[in-house]
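Those protein sequences? They're chains B and Z, same order as listed.
Per my numbering, residue -7 is the first one in the first sequence, and the count goes up by one each step.
Per my numbering, residue 18 is the first one in the second sequence, and the count goes up by one each step.
Structure first, commentary second.
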Amino acid sequence: MKTLLFLLEKEFRQVFRDKAILRMLFIMPVIQLVVLPMAANYEVKDVSVTVVDHDHSDFSRHLIRSIGASGYFKLNRLSHSFQNAAIDFNHDEADIVLEIPNGFERKLIRENKAGLFVAVNAINGAKANLGAAYLQTEIMRFNKQILVEHLGIPEENLNQGLNLEHRNWYNQGMNYRMFMVPGILGILLTMVGTFLTALNIVREKEAGTIEQINVTPIKKHIFIIGKLLPFWAMGLVVLGLGLLVARVVYGIVPVGSLFTLFAYSGIFLLAMLGLGLLISTLSKTQQQAMLLAFFLMMIFILMGGLYTSIDSMPGWAKTMTAFNPVRYLIEVMRMVVLKGSTFQDILPQFWKTVGFAILFIVWAVFSYQKRA
Amino acid sequence: MKQFLIFVKKEFLHIWRDKRTLFILFGMPITQIMLFGFALSNEVKNAKIGIWDQAGNQASKQIIAKLDASRYFDLVKLIHSNQEVNASLRSSEVNAVLVIPASTSQQKINGLAKMQFIADASDPNTATTLKNYALSILSPEFQPETGSPSIQTSVRMFFNPQLKGAFNFVPGVMAMILLLVSTMMTSISIVREKELGTMELMLVSPLKPILVIIAKAVPYFFLSMVNVISILVLSVWALDLPIRGNLFLLLSESMLFTITALCLGLLISTITASQQIAMLISLVGMFLPTLMLSGFMFPIENLPPPLKVVSNIVPAKWYFLIVKNVMIKGSGFVDVWKETAILGLMTLAFLGITVKKFKIRLA
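In structure tokens:
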């Protein structure tokens, strides 16, 4: 116990002496937490449309006007031919090209049927899908308007179509930040913790100072715990700071209890710091450690369910995410901060994370050799 | 020149001897492109939906079958009470609940069907998308009667007819890996020499000091090019991505981007003294901004105006645009010269600041 205290004193001193790192450690996450959530907006709006109007009729002008007025679309320009309009795809100026064929109005009145052609830039599949759906809704609305205004069919007689009343639970305002802020905070926490610990032991190896520790009677597990605790404490401070920022800047107050949040995050941090130390004991140089940590972190973060939904992954990938600690963190953050889930609710995630923590820390202790 | 080449050779040997780093360096892009290329997509598929069928008749059965058959929804639960709606949303057992009121069939005849769609909006992206999917799947069931004039819209998806996620994610992940790996590796390997004290040795060599550190970046240029090629090969062979534009143009642009990243690495190395700080800047500082502001995760045009401005200084944004245009749309140099010029200017700026800040004496 006494050895541990001495070790802790050494580690804390080391950390506090390097003011540059300390400053970065707190400032960098805070700045990113303030700025980045603003970017997180999957809402598809201002879909830019280039229109090719071959018809030049009242109807086609009416249609173009109502698309422009709908609020979802930004009319880019009118073009004379489809080839010409398709150039806008190449310059990223149009997301959609709408082609109104010659005789659109005439056909609609005489033959009861007229076609429109819509071309969508589908590189970003989600955006393409939604943009096309919005446009189709708008065209359907226009269709109805035509029936009422131009053909004098009374509105009551028309089929009203589907009325899908939607409710958004847990986040009525559809505020993306409510969802992203806790997630981004979690990821920043993960990165800072893992990257710093990954460098920690290997740094002493590179500098040669590890030899001095190795010749002392300090036990392996005491050494690892001594490395772990200072970063753990700092991680919790960063978390508290982050929650404060979330509250001040974004007005996000966790619905669930702070205790649950900290209890889970504490365990999660242990797991990630353990992983960092494991990487550190396995590496020979800081460069190696960094590369490995970056590799794992990129997979953890991109497959964590914050940026893309885990449900839409193929089966094998879904199975893989079961071994991704960051996934559980994102789940818990969302559950506790937004839905007010209790400790009882997050127990499954909690136990899995405890498992990760034990695995990584024990593995780190075993892989640390007191020989050079 | 000869001295410079000798230094480059030395750096190559350094890297070549560290087999483990080399292994991760080459293995990383391959694993990640395969993993992300197949697993990630912005689309929402197989969302878990619960249905509370209060009608229990032919019409409602038809609706349920239609939803379940679509690739977007998986019917996981039939719900029978308000409490159940509550509980299953809260435990994340379902992403959304559709309530079909008892009067549905009757109302369909009258042309007015009112259903309720309750979504778990703690993930607003999924919630909005699901609502729109439900609307577009169910709307045809409630079309106006035939006979009145109706417009038929035919939609064609260009460039990516199957709406694969890889078309968007491969260029993005490629930009991320190239930028972060190059920046991190150069900055850390130079600062390492400073930390170990071996930098002094190199600086007293007859080679011009600035060339000493540039020589450190050269091997990483070649390693990155190997990665670019392996990523492209995998994208075409495994992920069925097209290379519609000029391959030579694509490779040249990748070279330019790698050089930009390496120069950024050089810059970081000249202003830092420890590997820890170099890592903090190049990874913790750049990871999320690159991920979120380069346009592949969140379309640039959706960003709020101040962030749109900020996104301009993210090198990966420009490279992502170039790759997307050249590789998938088949654009030529005339379409991407602006992006290319910006990357070129960034490179010059990074290099200029590096030369200016570079100190021959360490202490």
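Heads up, the beta-carbon is just placed ideally off N, CA and C, and yes, glycines get one too.
Please read all numbers here as calculations on a predicted model, not as lab measurements.
query	result
By Cβ distance, which residues of its chain are closer than 6 Å to Val329 (chain B), with the 5 residues on each side in sequence left out?	Pro174, Pro246
Which residues does DSSP pair with Asn160 (chain B) in a beta bridge?	Z:Ala136
Taking Cβ positions only, does Arg34 (chain Z) come closer than 9 Å to chain B?	no
Taking the alpha carbon of Gly117 (chain B) as the reference point, which residue from Z:Leu310, Z:Pro166, Z:Trp33, Z:Gly182 has its own alpha carbon closest?	Z:Gly182
Nearest by alpha-carbon distance to Leu265 (chain B): which of B:Val43, B:Met295, B:Val184 is it?	B:Val184
At a CB-CB cut-off below 9 Å, which residues of chain Z make contact with Asp189 (chain B)?	In the sequence as presented, Asp is not what sits at residue 189 (chain B); that position holds Thr. The premise fails here: Thr189 (chain B) is roughly 11 Å from chain Z at the closest Cβ pair, so nothing lies under 9 Å.
Taking DSSP's pairing of strands, which residues face Leu115 (chain Z) in a bridge?	Z:Ile68, Z:Phe134
Consider the Cβ of Thr277 (chain B): report whether some Cβ of chain Z lies at a distance smaller than 9 Å.	yes
In whole angstroms, give me the CA-to-CA distance for Phe223 (chain B) and Gly234 (chain B).	16 Å
On the criterion of 16 or more Cβ atoms from any shown chain inside 10 Å, does Glu270 (chain Z) qualify as buried, or is it exposed?	buried
Kindly provide the ranges of any alpha helix (DSSP H) runs that are 4 or more residues long and lie completely inside the segment 227 to 294 of chain B, ordered along the chain.	250 to 274, 278 to 294
Give me whichever residues DSSP pairs with Asn113 (chain B) in a beta bridge.	Z:Phe175
Starting from the N-terminal side, write out each stretch of the beta strand (DSSP E) that is 3 residues or longer and does not extend beyond the segment 215 to 255 of chain Z.	none
Per the contact definition of three or more C-beta pairs closer than 8 Å, is the segment 191 to 199 of chain B in contact with the segment 269 to 288 of chain B?	yes
Along chain Z, which residues have their Cβ under 7 Å away from the Cβ of Trp355 (chain B)?	Simply none; closest approach about 18 Å.
Answer yes or no: do Phe367 (chain Z) and Leu281 (chain Z) have a C-beta to C-beta separation smaller than 9 Å?	yes
Taking its Cβ as the centre, do 16 or more other Cβ atoms sit within 10 Å of Gln361 (chain B), making it buried, or is it exposed?	exposed
Using beta carbons (cut-off 9 Å, strictly below), is Thr129 (chain B) in contact with chain Z?	yes
Taking 9 Å as the threshold (beta carbon to beta carbon), is Thr275 (chain Z) in contact with chain B?	no
Which residues does DSSP list as the beta-bridge partners of Phe51 (chain B)?	Answer by DSSP bridge pairing: none, since Phe51 (chain B) is not bridged.
Let me know the secondary structure DSSP gives Phe90 (chain Z) once reduced to three states.	strand
Can you check whether the C-beta of Leu238 (chain Z) is within less than 9 Å of a C-beta belonging to chain B?	Note that residue 238 (chain Z) is Phe in the sequence shown here, rather than Leu. No, Phe238 (chain Z) does not count as interfacial toward chain B.
Quick check on Arg407 (chain B) - is its C-beta less than 9 Å from some C-beta in chain Z?	No answer is possible for residue 407 (chain B): the residues shown for chain B start at -7 and end at 364.
Please report whether the beta-carbon of Leu297 (chain Z) lies at a distance below 9 Å from any beta-carbon of chain B.	yes
I want to see whether chain B comes within less than 9 Å of Pro321 (chain Z), judged by CB atoms only; does it?	yes
Mind checking whether Ile179 (chain B) and Leu52 (chain Z) have CB atoms under 9 Å apart?	no
Excluding the five sequence neighbours on either side, which residues of its own chain have a C-beta within less than 8 Å of the C-beta of Met289 (chain B), listed in chain order?	Thr182, Met183, Thr186, Phe187
Straight-line CA distance for Asn135 (chain B) to Ile145 (chain B)?	12 Å
What are the residues of the segment 95 to 114 of chain B that lie near chain Z, defined by any Cβ-Cβ distance shorter than 8 Å?	Leu100, Ile101, Asn104, Lys105, Ala106, Gly107, Leu108, Phe109, Val110, Ala111, Val112, Asn113, Ala114
Give me the Cα-Cα distance between Ser328 (chain Z) and Glu318 (chain Z), rounded to the nearest whole angstrom.	11 Å
What does the Cβ neighbour count give for Gln280 (chain B), buried or exposed, with the cut at 16 atoms within 10 Å?	buried
Would you mind sorting Ala314 (chain B) into buried or exposed? The rule is 16 or more other CB atoms within 10 Å of its CB.	exposed
For the segment 299 to 311 of chain B, list every residue whose C-beta sits within 7 Å of some C-beta in chain Z, in sequence order.	Tyr299, Thr300, Ser301, Asp303, Ser304, Met305, Pro306, Ala309
In this structure, does DSSP put Ala106 (chain B) in helix, strand or coil?	strand
Please return the same chain residues whose Cβ sits closer than 8 Å to the Cβ of Asn127 (chain Z), not counting the five positions on each side in sequence.	Confidence at Asn127 (chain Z) is low in this model, with a pLDDT of 46, below 50, so the placement of that residue should be treated as unreliable; the coordinate-derived value is given next. So no residue of the chain qualifies.
Go through the segment 249 to 297 of chain Z residue by residue and report every complete run of the alpha helix (DSSP H) that reaches 4 residues or more, in order.	264 to 288, 292 to 296
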